[in-house]
Structures are given as structure tokens and as C-alpha cells.
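Enquirer: Chains as they are written, first to last, in this note's numbering: chain A, 219 to 529; chain B, 219 to 529; chain C, 219 to 529; chain D, 219 to 529.
Backbone N, C-alpha and C fix where the C-beta goes; we use that ideal spot for every residue, glycine too.
Please read all numbers here as calculations on a predicted model, not as lab measurements.
Submitted below is the structure of interest, expressed as C-alpha cells.
There are 4 protein chains.
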Amino acid sequence: MKASSAKKAKREFPPEATLDALFDELNNAGRWGRDDELGTLNYITAQKRIAAASLVRTGRALSLARDLNTLQSPNNPSPVRHTMCYQAHYPIGAVDALTLDMHGFALTHLDAIAHVYRGDDIYNGRRAADIALATGLTFADMLAQKDGIFTRGVLLDIAAARGVKWLTPDDGVHAEDLDAAEKRQRVRVESGDCIFVYTGLQKRESAEGPENLGQRVGIMPDAIKWMHSREISVYSGDCVDAFPNPYGARYAIYFHAIALAAMGLILLDIPALEPLVELSKELGRSDFLVTMAPLRIKGGTGSPVNPIAVF
Amino acid sequence: MKASSAKKAKREFPPEATLDALFDELNNAGRWGRDDELGTLNYITAQKRIAAASLVRTGRALSLARDLNTLQSPNNPSPVRHTMCYQAHYPIGAVDALTLDMHGFALTHLDAIAHVYRGDDIYNGRRAADIALATGLTFADMLAQKDGIFTRGVLLDIAAARGVKWLTPDDGVHAEDLDAAEKRQRVRVESGDCIFVYTGLQKRESAEGPENLGQRVGIMPDAIKWMHSREISVYSGDCVDAFPNPYGARYAIYFHAIALAAMGLILLDIPALEPLVELSKELGRSDFLVTMAPLRIKGGTGSPVNPIAVF
Amino acid sequence: MKASSAKKAKREFPPEATLDALFDELNNAGRWGRDDELGTLNYITAQKRIAAASLVRTGRALSLARDLNTLQSPNNPSPVRHTMCYQAHYPIGAVDALTLDMHGFALTHLDAIAHVYRGDDIYNGRRAADIALATGLTFADMLAQKDGIFTRGVLLDIAAARGVKWLTPDDGVHAEDLDAAEKRQRVRVESGDCIFVYTGLQKRESAEGPENLGQRVGIMPDAIKWMHSREISVYSGDCVDAFPNPYGARYAIYFHAIALAAMGLILLDIPALEPLVELSKELGRSDFLVTMAPLRIKGGTGSPVNPIAVF
Amino acid sequence: MKASSAKKAKREFPPEATLDALFDELNNAGRWGRDDELGTLNYITAQKRIAAASLVRTGRALSLARDLNTLQSPNNPSPVRHTMCYQAHYPIGAVDALTLDMHGFALTHLDAIAHVYRGDDIYNGRRAADIALATGLTFADMLAQKDGIFTRGVLLDIAAARGVKWLTPDDGVHAEDLDAAEKRQRVRVESGDCIFVYTGLQKRESAEGPENLGQRVGIMPDAIKWMHSREISVYSGDCVDAFPNPYGARYAIYFHAIALAAMGLILLDIPALEPLVELSKELGRSDFLVTMAPLRIKGGTGSPVNPIAVF
């Protein structure tokens, strides 16, 4: 086990030219029409929804979101602002207001497809300079996902497949890790699924303190290819892009760049996975119905969500 | 039909003492324990969720939310603020921020149970002065609903049951309207259901311009009693409290006050019902799975949501 | 010196009845007309401005504000939010947005006269329930001070007059302290002056860490009376209300309550006094021109300001 | 008079190459040291402040700011957000919060020198890509102006000099207009002065409705040169850049670009000039003391201010 873990720990990054080739290979531009703004959500068909609903067998529901984080810290420089508002001198109710920075670490959120570019390239052949305006995104914005996500969720416990409590910050998740997790859990990721990749981050943070944002486990390029071949609709996990990485601005966040700008693969950032791992163990199941419903933000680059797993 | 409609148009409000009696009669304080913060969400059992999932037969999903409204108007004095934020001189992605006033008319939202009081009375025997602090609600806040709502939704088309396009602003929805809608639609509201009461408001606004907030169709006290007896988990609709009404501060928003503070009945405000009415007609069904997942706002008085109906 | 200091350290609070009497004695209601919203700014006459301008003898200008504090801490729970905003993909300039909680410790600010009440009493015989609305203050709001403050400023160094580096948190500033500071500095506070009371807080914080907000030096009731008799226009200082104090809600912040609600005395909170103390020493002068210009906030309860001293 | 006005109405824009030459000619880079962040505020010497203070002869003070504009409109898409905040169930005071977009038309504000670039060029030889970061400006930000502006103000009534009520939107302010205004008013702009250029905009808006932002009177290039030769410290006026103009992104706002990025000339946007014109007439004076004190915003691109004229 240790040897295997050690072997993985040394991640290797392909040259930027390989990423360029991968970007082209995985590019879904035109796949669902020149005006498609849904990307991999197209994999979630009506049949897929019906099948996902049938996964509800115990009726247990579980939130996969973190509490909105109002506490400023090095990992949360722009915390959520929650303000109780005045109604009347003798109030008959309480009202409040929220200010949310959509990305970062303060909240569980979905990315709009046009949130990240590769250079000037945005999903489906669009140019960032045309799409990202001061008034909001004009294409593949958050509103495109307004009817929500309702599909099969699959937890992939990479840490367990590796036989470790958690992956160290210099590690990466490879295609073979995803295969190994499937095998160990006797589950298979299918077209339209939303996967939840777990590397034990919260356990590591409990033991070792908050993650250093410059030193992070990441999804490796071959794993992105795996996701493409499996036709997943949504990626979520406690790791995203690896840091540090050798790439310039074009691929500084290479997974985001390829997933969003080439594949139109929806990303769900900052989920709370520990409770899911626990419930999955308790029920002896890795798959479940998962629902997410982004706010209808015209022009929005992302949305806070509270994804709910129902077993 | 016309005669019946005319008869209803003249709504009559019982004296405040009757509301006091109703408040006591419908009071669920202690029903699910002295520390319960879920109120009528307790009606949504694991079995209820399983049964609700089985309503997914066509796989059609539909958002029941309105777009976040960023346009200021007399009916939207505190619009949503959407700001594109600066990333870098040569950006590789777009980020943004939202500021949301939780209540009002700018967004579809769930109420926390402690959002409204009857005088100083909050759900489950609590006192507003103890619960509503400058830092947020300390009981029955939005976070209490963190695992979301997953239940059977039932559309009740009051306008159709009355045989009118829409109810006029001086009208009210009575228990017999709810009965009539059930009868016409051959559906029965059951324990744990979320009901969507439709009076044709959007059609009226399309024809006659924005609603005058001081002149509004409302849920009448006998209809609240009906909801209690049917054990609904969530009320939603295009009408809530009737205005004008004869009550002082204690019952100025009498439906909110009795629903939230006595019953712990969850309210979903400002839904978009026209598309639901249309889809319901198209599919010939009044019931469906409905999911809602409020943001995990500790101390919050409400949450923006995008409720999704799946047929 | 020590003995004297020790004697002062034990501050004694008069009973609430004495404060009631003081409130009545110092009440300026009606003094400048029943509709006056300027309070003690009435002491700043055109002649006073001319005289104040003549204090500009060296042309040295100094800010008396602190930097807007964007860092969250126990003493700054609602920090200023500063956001760089998006302009264009290839920007030709930088723009930003600020969110400011007016009171608290994040910024140097002026209080509107109606900011604080004594029970339901607001300046000039008004009632809080009539004035403090959800849309803003309808009387003695920030806008009332729109033409700014332009008057003589006088630094009163209480710490130096006591012969200590700083006053300890259990201490209070009495009328005799103000007299002693005047005597030591050979300066006399006159009608219309803005006083800056210095007790060495920043030095204490540098040595002992951030102030405990529950343990604070305060202005004692006899000092409020002194301010009334001297007809000062504005009070500023590194101490305001003493904490802990024995009073209930009515006088929980007794200095604010009497100054604002009875006297209409303008308060400038959270000034930066150390640089003023230094420059005052360097130039051998305790008086100077001071200017402040609050933002024109209709209904506002306060305004961020950057007071400028010119010697 | 009419003929003269007609002649001016046809403004002519020099080619972009001329602006490049002007940018170089007026460039103050290095003039006050390589690290200077004050730009033309360097013209305000201690002697200048003393002289400015001596202009206070009547003691009349007047705000030159507009009220913060909380009403959304085509000319104010991001209005100021003013929120009354909850303090307690039985409050003893009122508190509030403000959200301000610094630029645009919602508020009278000062520009930081690094607010606008010419291509990538920022004042004093800096590059925008190095200075304009997501966390704020790192050079020539708002904080640089922390000690405020205290100088002689001079009103230049261009409309009166032209003998018209207001300039039409296709007009421009030329150097000879400034000369003519000086001559008519018997005043001379001197080193360190802050000028207020009045073209009658508010009168025009009262008569003809809100200004079309795409059709605006502007400062012509020869007038910028005039300002440089007169060594003004601050420009303010009811016109800034002319629209439409023939320039690309580099000079889309050519006056801002040359003033800020070349000269380091401070700009005060959106002043309220009508009351100044009236008071100036009443007192028969065109010059006065003017004070402005921007908020101490580290990294800020601008600041709301309430400039005060004292005669």
C-alpha cells in the first residue's frame, strides 16, 4: 500500500502542448449545436432523471453543502456578509441580506460554463472578449442551468482506494485512481452521472490545519480524459486543480480551463463530502439521487447551491 | 359561475379574537418536541420522500423560480445587486458577487420559521426578543432546513376552479376553493405535500400591469385551517396575505403570523407558477416531485431557492 | 501624580435618576427652533468659521481618520468590504465598490443626531418610532449636516494632564480633567469648538493589545455638563461611553444618549489621534482649523469622514 | 453672441497622434520624483493653503456634492444601496450600511490617479498590469490623497462667457473659453487652484431631461494643455470627456487618460455646481476656499467626497 501511495505521490505534469492537444480532443464545441449553453448537462436525459429518481430507496436526504462562511481567514478573504435589516421600531418579523462572492472558498457553488477561459477561448467556440462583459456573461451564464441538475450521483473514494486516510498535497488523482475506486466500490460511472471525488481533505485539515492554497492535490490530465469518455455531467470533489503546476496563465487552472472551456463540463466547487462518505458507508451504497438548483442569475458566473443527496 | 365568483369577491375578515383562537387551535408548539425547528417539514418522512420520487415518470424538470430581479421598481425597491468583479488585468475567467435582500419581491425564497412573529411569539413557544438578534436568528433559522425539501408537490388552480382567468385583488382564497380545486383536478392533498396555489396573478399583471401591493388577493383564515388539517409541509402560491385587512401589527400579515409562528408551516414566496400551470395541463397531472434546497445560512431569516418540479 | 491618578481610576456612576435630571438640564430641544436638525452645529456661526480659518498659519494639513479597516477581528466584526469591479476584458481603468457599516470600529465616522435615542426620545422632542423607519431617518439624519463642519479644533490631552501614558480601562474623564488639560495646554475651549479628547488609547493598545470593548474608559456625566456649558459643537476622542456601567437600555450608552438625544451634540467616532498629538507637540499648538464633510446620505444614521486638521 | 456660439458648437477632434504628442508633452512623470503618487496635488504648497484660508471672508459654507443617488435609472444603473440595519428587538439607536460603486453617476467622487490608464500606461511611468490588482491599486491609489485637498477654488462659468444658458451636447470647452471666462469674471487661475467648469448642464437637464451619456459636452485637448500650463491641482466640472469622439480604447476617455495617466491631475467627478453659481453671483466672487477629504481607502480607485466651498 505504502509503495503504491509513494509512487502516486510524485505527480508529473505533461507539457503545455499536450494540454493543447487534450483541449482539442475533448472539445465538445458543436456537439449539441452551435448555440448550446448546457454542455455536459445534455447527458442528463429524461430517461436519466427517471432512473436517478429510482435510486431513492430509503428516503434519507443529506445536504452536501458547507455553511456559508462569514469568517474571514487566509483561505476566505472575502467572507459572506450576512446583515440583519431594520424593519420597524417594533418589528413583527426579522429580515436580512446576504452578500456573496461567488467563487473562492466561502460557499458551495456551481460554475457557469463561461466562468473560465483558455486564453480567450470560451465553450462552444465563443471568445471571452465577446462574452464576459461588465454587465455579466452573455453566453453560457448561470441562467442556462436554470432547470437544475437531477441525476445519479456517485461517490468515488480515492483515499480508500489508495488505502490512505488522505492524499498529501503533492499528489494527484489519475484515471487509474478513478478505475480503482470504481472497482473497490463495485460501482460504475455512467453517462450523465455526477461524480464526487473524495481524497480525504477535510480529515487532513482536521489533523493538519487549513489547506495551503498553493499546495493542493489536483485532478491530473488523464483523469479529465476519463471523465470525458465516461460522459459525466458534473464533477465535484475535494480537489480540483493541482498546485503548484508548471503552466502559465493559459492553463494556470488547467482542469477548470479544459472542463469548462472545452468540454462544457459543469463543476460543483467546495462540497462537503465527509457526511456523504459516512452515510455511504452506513448504507453500503455509492450511488444516489443528487439534486442541485442554481439561482436564476442572468449573466451570472456561478451560483451558491445546496446539493442534496437522497438515498 | 359568475354569480359564484361575485359571491366570493367580497371577502370578510373575522375579528382579531377569532385569529387569536385560530392561532391557539393550529399551534404546533411541542408537537414535535420542545426544541423542534422543522415545523411542518416533520410531515415529510422517509416514506414520503420515497413516494415522492416515484412521481418522476416522464423525467421532465421545470424551474419554479423567477429570475433574480435586478431592476428597481415600486414593487422591487431593493433589487438584487449583481457585480462583475475584477480578477486581473488579463483575466482568465469571470467572477461576480451578489447582494440579496431576502424578503420582498426580488427573488423566489423560502422563509425561515422564525422569520415572522405574532406579537412577540415565535414558533414553538419562543420569544422574538430572545431569538431575533443583530447577529441572526438563534432558533428556527434557515439553517434548520439545511437538508432541503423533497416531497410531493400539488398544484391547486383556484382560478380554473372558479372559472375565471384570475381573481381580482379584493378576493380571497377560502377552504372551499381548495376543496373545489381538488375536486376539479381529481387530486387530493395529503400529509407532507407542498401545495402551489394559483390565482392567475401573472396573467392579471400581464393584462393590467404590476400588482398594487396594498390591494392583494389573500389566503383567508378558514383556508389556513384547511392546510393544518391536511398537514401540508409547505405553502406556496401567487397570493399570501390579503391587503388591505383590518388587523393591527399583531396580525398585519396574519397568514405569515399563523403559518410561521403557530404552525411552523414553511412558506415559499414569489414562485413562478405560469410555467407549472402550462406543464401541468400538457401532462394532465397536478402532482409531481418538488425539490428545494435553501442555502445553509446560519441565523438566516430566509433563503433564495430555485424549486424544481420533476414530473 | 500616582496618587491623583489612583484617585481618578475609581470612577463612580451617579444613579439613573441623576442622568434623567441631566438629560433635562442639558436638553437643547427648542433652543434653535422646533424643527432644528443641526443641534450644536448651530454654535458654528459665520464669524466662527472666519476665526477658524485664521488659525491656518503654517499650512500643515493632517488627516485625523483611520484607514478603512477591511480586516475582520473581534473588534471589527463587520469590516469594510472593498471590491475591485470588472470593466472590460481589456480594461482602460480600474473601478471598485465599497460596503460600509456606518457605526462600529471599521471607520472614522460622524453620527447623525438621530442615531441614538434615550428610550424613545430623539433630539428636539421627536419620538424614535416616528423617525427611525426602514427607509432611513426622517429627521436629524446625516443629510442635515450636508454643509460640513468648519471650525476650531482643540486637542485636550487628558493623559498628559494626568501625567500618565494612558488611562486604564476602569478610568473616566471628568470635568476637572478637561479643566486640567486646558490649564496645562494654556488653551480655552470656546463656543463652537470641536474638541478631541485624548486618553492615550492607541499607545495602550500598542503596548497591551486591542481594547476589550467591555472595559473602556469613558466620558463621565460631569464632563458632559462641562461640554454643554462650553457650547462645544462636536465631541471627538479616543473614549466615548464607559464600560461596564450600571445602566439599563435607557442609558446603556449614556454619553451618546445625552449628547445626541438631549443636546444634539455631534459625535465624531474612531478618530486617529496619535498623529495629532505628535503634530501638536511639534508645532507647540493645541488649536487648529478642523474640517469634516459627511457624505450626503438622505436618511443616513452616520457618515464616514476624513477630518482634516490644518495648522 | 449667437455666431460665436455656433462657431464653437462644431468641435473638432485632433488625430490620435496629436493626443500621443500631447500625452508626452504634458507628462509629469518624474517631475516630483519617481515614487510620487500625488501628481498635481504637489502644486498645493503650505503657502497655498495659507493663502486659500485667507479667502474665508464671509464664513458662508456650501456643499458642492449631490445627494447619494439610490434611485436606479439609465444614467444610474448601479445606485447607492442604503440599508437600515437591525440592532435589537427594542433598539436604542439606528444604524445603517452603504454600498457604493465609486465611479459612474451615483455620487460626487474623487478619482485616484491610477484610476484610468492610457493603454497600459499609468501615472509616473507605471504599468497597469503591475498596479491594478484584484486586491486594489498598489500605486497612486486613493489613500495617497489621505491628507485631503485644501486650496483655492475658482468657478469658471463657460455658459455665461459664451452668453448662453447652456452648451449643447455637441459642443466642447476650449482653452479660449477658459480665457474668456477668466476675463469676464476678472479672476485668474493660479498654480494649485482647483477649477470648477460650468457649462449649464443641470439647467439643460431641467429643461430637456437627463443627459444622453453618449452625447456629451467635453473638455477639448487644447483646454487640457491650458490646465497644464496653469498648474491647476484639481479639475472639476459638469463636463469631462466629449462623446461621441473618434478615438479607440486608448483615448476613449481621452481627458481622463491624459489628466490622470500623464499629468497626475486629480479629477472631481459629478459635482453640484448650480448652488455654487448662485452663491458666486450673490457674493460677487469667483474664488473661495475649497476643501475635500477622500476616505482613506487603501488600494481604492476613487472616493465619495462632499467638497465644501467656504467664501
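(1) Chain A beta carbons: is any one of them nearer than 8 Å to that of C/G517?
(2) Report the neighbours of A/Y341 on chain C: residues whose CB is nearer than 8 Å to its CB, in chain order.
(3) Can you give the Cα-Cα distance for C/F241 and C/A480, rounded to whole angstroms?
(4) I need the boundaries of the alpha helix (DSSP H) containing D/F241, first residue and last residue.
(5) Is it true that the CB of A/V391 sits closer than 8 Å to the CB of A/C457?
(6) Run through chain B and tell me which residues come within less than 8 Å of D/T317, C-beta to C-beta.
(7) Kindly say whether A/P309, judged by its beta-carbon, lies nearer than 8 Å to any beta-carbon of chain D.
(8) Please give me, in chain order, every unbroken run of the alpha helix (DSSP H) with length at least 4 that falls completely inside the stretch 293–358 of chain B.
(9) Does the Cβ of A/A358 have 16 or more other Cβ atoms within 10 Å, making it buried, or fewer, making it exposed?
(10) Measure how close the beta-carbons of C/P522 and C/T369 come, nearest whole angstrom, since I'm counting them as under 8 Å.
(11) When you compare the CB positions of B/D319 and A/A315, do they come within less than 8 Å of one another, or not?
(12) I want to verify the contact list: residues of chain A whose CB lies under 8 Å from the CB of B/A352, in sequence order.
(13) To the nearest angstrom, report how far apart D/L328 and C/P292 are at their CA atoms.
(14) What are the residues of the stretch 277–293 of chain A that lie near chain B, defined by any Cβ-Cβ distance shorter than 9 Å?
(15) DSSP state of D/F473, grouped into three classes?
(16) Compare the C-beta of A/A264 against all C-beta atoms of chain D and say whether one is closer than 8 Å.
(17) Taking the alpha carbon of C/G502 as the point to measure from, which residue in C/Q403, C/A264, C/F414 and C/Y465 has its own alpha carbon closest?
(18) Can a CB atom of chain D be found closer than 8 Å to the CB of C/S222?
(19) Run the proximity test for B/N524: is its beta-carbon closer than 7 Å to any non-hydrogen atom belonging to the ligand SAM?
(20) Any chance you could list the beta strand (DSSP E) runs of at least 3 consecutive residues sitting entirely within the stretch 357–423 of chain B, in chain order?
(21) If you draw a straight line from the alpha carbon of B/I413 to that of B/G248, how long is it in whole angstroms?
(22) A/I367 and A/R452 - do their beta-carbons sit closer together than 8 Å?
(23) Would you please verify whether the beta carbon of D/Q305 is less than 8 Å from any beta carbon of chain B?
(24) Closer than 8 Å, CB to CB, is C/A347 near chain A or not?
(25) Which residue wins for smallest C-alpha separation from D/S424, given the options D/D397, D/V415 and D/W384?
(26) For B/A398, go through chain C and note every residue whose CB falls closer than 9 Å to its CB, in chain order.
(27) Give me, in chain order, the residues of the same chain whose beta-carbon lies closer than 7 Å to that of B/E255; leave out the 5 immediate sequence neighbours on both sides.
(28) Return the CA-CA distance between A/Y472 and A/Y416, expressed in angstroms with no decimal places.
(29) In the DSSP assignment, find the unbroken beta strand (DSSP E) run with A/I526 in it and report its ends.
(30) I want to see whether chain A comes within less than 8 Å of D/W444, judged by CB atoms only; does it?
(31) Between which residues of its own chain and D/I349 is the CB-CB distance below 8 Å, once the five residues before and five after are set aside?
(32) May I have the straight-line CA-CA distance separating D/I476 from D/T353, to the nearest angstrom?
(33) Enumerate in chain order the residues of its own chain whose CB-to-CB distance from A/R344 is below 6 Å, with the five nearest sequence positions on each side excluded.
(34) Between the beta-carbon of A/A399 and the beta-carbon of A/D375, is there less than 8 Å?
(35) Does B/E429 pass the burial test, meaning 16 or more other C-beta atoms within 10 Å, or should it be called exposed?
(36) Under 8 Å, Cβ to Cβ, is there at least one residue of chain F near A/R252?
Expert: Reading from the atomic positions:
(1) It does not; no Cβ of chain A falls within 8 Å.
(2) Within chain C, no residue comes near A/Y341; the closest Cβ sits about 16 Å away, beyond 8 Å.
(3) Cα-Cα distance, rounded: 6 Å.
(4) E234 to E243
(5) yes
(6) The contacting residues are R299 and T317.
(7) yes
(8) 346–349
(9) So A/A358 counts as buried.
(10) Not a contact, Cβ separation roughly 19 Å.
(11) yes
(12) M302
(13) Across the structure, D/L328 and C/P292 are spaced so that their CA atoms are roughly 32 Å apart.
(14) G277, R278, A279, L280, S281, A283, R284, D285, L286 and T288
(15) In this structure, D/F473 counts as helix in the three-state DSSP scheme.
(16) Chain D places no beta carbon closer than 8 Å to that of A/A264, leaving this residue out of the contacts.
(17) C/Q403
(18) In this prediction, C/S222 scores a pLDDT of 43, lower than 50, which makes its location untrustworthy; no coordinate-derived value is stated.
(19) Ligands displayed in this structure: none; no statement on the ligand SAM is therefore possible.
(20) 367–375 and 412–416, all fully within the stretch 357–423 of chain B.
(21) Approximately 24 Å between the Cα atoms of the pair.
(22) In the sequence under discussion, the amino acid at residue 452 of chain A is Val, which differs from the Arg named in the question. It is a contact, given that the beta carbons lie within the stated cut-off.
(23) yes
(24) yes
(25) D/W384
(26) Within chain C, no residue comes near B/A398; the closest Cβ sits about 39 Å away, beyond 9 Å.
(27) Around B/E255: I331, F357, A358 and A362.
(28) 19 Å
(29) I526 to V528
(30) Under the Cβ criterion of 8 Å, D/W444 is not counted among the residues facing chain A.
(31) A332, I340, L355, T356, F357 and A358
(32) 25 Å
(33) Closer than 6 Å at the Cβ level, and outside the excluded window around A/R344, lie F357.
(34) yes
(35) Counting the other CB atoms within 10 Å of its CB gives B/E429 a total of 16 or more, which places it among the buried residues.
(36) Absent here is chain F; the protein component of the structure consists of chains A, B, C and D.
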